[in-house]
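Just so you know, the protein sequences line up as chains A and B, in that order.
Everything in the first sequence is counted per our numbering, starting at 3 for the first residue and increasing by one.
Everything in the second sequence is counted per our numbering, starting at 3 for the first residue and increasing by one.
Below is one structure, written out as structure tokens; comments come after it.
There are 2 protein chains.
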Amino acid sequence: MSLGACNVVRMIMLRRELGEALREERQSQGRSLRDVAKTASVSTAYLSEVERGTKEASSELIASICVALGRPLSQVLADVTSRVERAEAATAPVPLHERRISVPARDAAA
Amino acid sequence: MSLGACNVVRMIMLRRELGEALREERQSQGRSLRDVAKTASVSTAYLSEVERGTKEASSELIASICVALGRPLSQVLADVTSRVERAEAATAPVPLHERRISVPARDAAA
Numbered sequence: 003m004s005l006g007a008c009n010v011v012r013m014i015m016l017r018r019e020l021g022e023a024l025r026e027e028r029q030s031q032g033r034s035l036r037d038v039a040k041t042a043s044v045s046t047a048y049l050s051e052v053e054r055g056t057k058e059a060s061s062e063l064i065a066s067i068c069v070a071l072g073r074p075l076s077q078v079l080a081d082v083t084s085r086v087e088r089a090e091a092a093t094a095p096v097p098l099h100e101r102r103i104s105v106p107a108r109d110a111a112a
Numbered sequence: 003m004s005l006g007a008c009n010v011v012r013m014i015m016l017r018r019e020l021g022e023a024l025r026e027e028r029q030s031q032g033r034s035l036r037d038v039a040k041t042a043s044v045s046t047a048y049l050s051e052v053e054r055g056t057k058e059a060s061s062e063l064i065a066s067i068c069v070a071l072g073r074p075l076s077q078v079l080a081d082v083t084s085r086v087e088r089a090e091a092a093t094a095p096v097p098l099h100e101r102r103i104s105v106p107a108r109d110a111a112a
């Protein structure tokens, strides 16, 4: 399997990880979608789609949401980086020689 | 000045920092725009615009460029986070009480 094919299978979407980081931050502040959307001058429906990772947010919109959440972009990106690291670790292919093959006792004794 | 107005002035664009991180990585590998663009299945002109921060790249395209560069998305994001941190530090407003006001000797003596 080529590197390309390998990576296509475990492609991690930035918009999804970003959306989840933004939603987690908003919820940790106990704030509603409506509240943050209004402060960021975006529709509630649009912010909801960004949080669910179904819409790509422009850089301007991401900056506005960060301001609305009172968090620097760098902190949000650090959260996203951690999420992506975990996702990569969870989806990394395991090389064949690292797989444990349990051999039933009767076969081992044969 | 409100927090919002303050942040609009020093708004940092994710696409610009991402573009610079991607270009720096490509150049550190001594590779051409054409080579990376071909591997990522994107036009050279488009990759150039992404690197210059004039085009928002979709999450799919970002993932493809990362694969083409042979770098996990998390490492590229860590680079971008560092860049954004530096940009934030460079553009952060200095509170008035932290500004040094040099008083000429004659005024101090008066």
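The beta carbon of each residue, even a glycine, is placed where N, CA and C say it ideally should be.
query	result
In chain B, what lies closer than 7 Å to A:Thr83 by C-beta?	Ser76, Leu79, Ala80 and Thr83
Can the beta-carbon of B:Thr93 be found less than 9 Å from the beta-carbon of A:Ala80?	no
When you compare the CB of A:Arg18 with every CB in chain B, is at least one pair closer than 9 Å?	yes
With a threshold of 8 Å on Cβ separation, who are the neighbours of A:Ala65 within its own chain once the five nearest residues in sequence on each side are excluded?	Leu75
Quick check: what's the CA-CA separation for B:Arg17 versus A:Val96?	33 Å
Going along the chain, which residues of its own chain have a beta-carbon closer than 8 Å to the beta-carbon of B:Met15, five neighbours each way excluded?	Gly55
Compute the beta-carbon to beta-carbon distance between B:Thr41 and B:Ala70, rounded to the nearest angstrom, for a pair I have assumed lies under 8 Å.	4 Å
Applying the criterion that 16 or more other CB atoms from any shown protein chain within 10 Å of the CB defines a buried residue, is B:Arg88 buried or exposed?	exposed
Residue range of the alpha helix (DSSP H) that B:Lys40 falls in?	Leu35 to Thr41
Taking buried to mean at least 16 other C-beta atoms within 10 Å of its own C-beta, is B:Gly21 buried or exposed?	buried
Which residues in chain A have a C-beta closer than 7 Å to the C-beta of B:Glu87? List them in chain order.	Ser76
Tell me the residue span of the alpha helix (DSSP H) that contains A:Gly21.	Leu16 to Ser30
So, with DSSP's three-state summary, where would you put B:Ser50?	helix
Hey, is A:Ile117's beta-carbon within less than 9 Å of any beta-carbon in chain B?	The structure shown does not extend to residue 117 of chain A, since chain A is modelled only from 3 to 112, so the question has no answer here.
Hey, how far is the Cα of A:Arg36 from the Cα of A:Ser45?	8 Å
Tell me the DSSP secondary structure of A:Ala94 in three-state form.	coil
Any beta-carbon of chain B closer than 9 Å to the one on A:Glu58?	yes
Whose C-beta lies closer than 6 Å to the C-beta of B:Leu49 among residues of the same chain, with five residues either side of it excluded?	Leu35 and Ala39
Determine whether the Cβ of B:Ser45 lies closer than 9 Å to any Cβ atom of chain A.	no
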